[in-house]
Amino acid sequence: MTGGAMLARGRGVTVWRQIAEAIEAEIAGGGLVPGTRLPTEAALTERFGVNRHTVRQAVKSLVDKGLVRVTQGSGTYVEAKPLSYPISTRTRFSEIVVGQARDPAGRLLGHRQAGASLEIAEALDLSPEDPVMLIESAHFADGVPISWALAAFPLPRFAEVPEVYGATGSITAALSACGVPDYRRASTRIGAAVADATDSARLEIAEGRPVLVIDSINVDPDGVPIQWARSHFCADRVRLTVGG
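Under the working numbering, the first residue of the sequence shown is numbered -6, with each subsequent residue one higher.
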């Protein structure tokens, strides 16, 4: 049977939707496991006997539903199962990811010195315009983007954070290099939003997809605030749990 023969063109359901349903059924049935690369656009066009525009509509609908993700220059992949992400007084991205047999990675996107905004100054017990180091970073599990964040650290105490984080991809290592071998989460605030253009590019998701926005404050062993962060998580890729 040819791919085109699989489609019932007279049953009142658009062709692209039938293609999306067929691929979704393969995912649900285990024929396409998480992390699998979908056939190329040309291969799907030949399989279903349709034009490329129709295939693109079908794939876009799967992206919008969070079933697959498009990686520029690489292809389209079946989404992995959501990462269980506990939030507690000791939240460590790498430990969470490794504990679920996945490979963690962090990437420095940029950094700059700036005066603390009112929000950051309040979080870090500073005066407005006190100097802070701002860093933007992205975080991955098995190469899949899970979150990106903007974080602030008081200066001059944490001037080395960008260099160490850029080399290691680890905030824990960066704080340790600045004389903070351990730290704890003092507060967490969880909200929701829809993905904008920045979220779309950094998380490889369609604009309008749900995003979890988490504001957090970490303190050193003496209770001194050392880090404020605002993290954007792809909501479909994590399952948050809140504990002690």
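Backbone N, C-alpha and C define an ideal beta-carbon position, used for all residues, glycine too.
Selection from Pro174, Leu196, Arg195, Thr234 that minimises the alpha carbon distance to Asp213: Counted from its first residue, the sequence shown places residue 213 at position 220. For the residues Pro174, Leu196, Arg195, Thr234, the minimum Cα distance to Asp213 belongs to Pro174.
Per-residue burial, Met(-6) [other beta carbons within 10 Å of its own, 16 or more giving buried]: By one-based count along the sequence shown, residue -6 stands at place 1. Interpretation of Met(-6) is limited by its pLDDT of 29, a score under 50 that renders its predicted location unreliable; no figure is taken from the coordinates.
Contact under 8 Å by Cβ, Ala109 with Leu101: Taking the first residue of the sequence shown as position 1, residue 109 is located at position 116. Taking the first residue of the sequence shown as position 1, residue 101 is located at position 108. Not a contact, by the Cβ cut-off of 8 Å.
Leu143 vs Glu156 beta-carbon contact at 8 Å: Within the sequence shown, the letter at position 150 stands for residue 143. Within the sequence shown, the letter at position 163 stands for residue 156. Contact: no.
Cβ-Cβ distance between Gly242 and Val61 below 8 Å: What the structure shows of the chain is the stretch from -6 to 237, and residue 242 is not part of that stretch, so it cannot be assessed.
Beta carbon of Leu119 nearer than 8 Å to that of Pro147: Residue numbering aside, residue 119 sits at position 126 when the sequence shown is read from its first letter. Residue numbering aside, residue 147 sits at position 154 when the sequence shown is read from its first letter. A distance below 8 Å separates the beta carbons of Leu119 and Pro147.
Length at least 3, wholly inside the stretch 70 to 155: the beta strand (DSSP E) runs in chain order: Listed in chain order, the complete beta strand (DSSP E) runs (minimum 3 residues) inside the stretch 70 to 155 are 76 to 80, 97 to 108, 124 to 134, 137 to 147.
Exposure of Gly172, with buried meaning 16 or more beta-carbon neighbours within 10 Å: Taking the first residue of the sequence shown as 1, we reach residue 172 at position 179. Exposed: under 16 other Cβ atoms inside 10 Å.
Distance between Glu14 and Pro75 (C-alpha atoms, nearest Å): Along the sequence shown, one-based indexing puts residue 75 at 82. Along the sequence shown, one-based indexing puts residue 14 at 21. Whole-angstrom Cα-Cα distance: 21 Å.
Where Pro121 falls, given that 16 or more other Cβ within 10 Å makes a residue buried: One-based indexing of the sequence shown puts residue 121 at position 128. Burial call: exposed.
From Gly24, Ala145, Ile139, residue whose alpha carbon lies closest to that of Asp123: What you label residue 123 is simply residue 130 of the sequence shown in a count that begins at 1. Per the Cα distances, Ala145.
Selected residue, minimal CA-CA separation from Ala115, among Ile16, Ile210, Trp9: For the purposes of this step, residue 115 is taken as residue 122 along the sequence shown, with counting starting at 1. Inspection of the sequence shows that residue 115 is occupied by Glu rather than by Ala. Comparing alpha carbon positions, the residue from Ile16, Ile210, Trp9 closest to Glu115 is Ile210.
Unbroken alpha helix (DSSP H) run spanning Leu37, endpoints: Position 44 of the sequence shown, counted from the first residue, corresponds to residue 37. For Leu37, the enclosing alpha helix (DSSP H) begins and ends at 34 to 41.
DSSP bridge partner residues for Ile183 (one or two, in chain order): Indexing the sequence shown from 1 puts residue 183 at position 190. Its beta-bridge partners are Ile207.
Extent of the continuous beta strand (DSSP E) run through Arg232: By one-based count along the sequence shown, residue 232 stands at place 239. Segment 231 to 235, the beta strand (DSSP E) holding Arg232.
Boundaries (first-last residue) of the beta strand (DSSP E) holding Ser224: If you number the sequence shown from 1, residue 224 lands on position 231. Element bounds for Ser224: 218 to 227.
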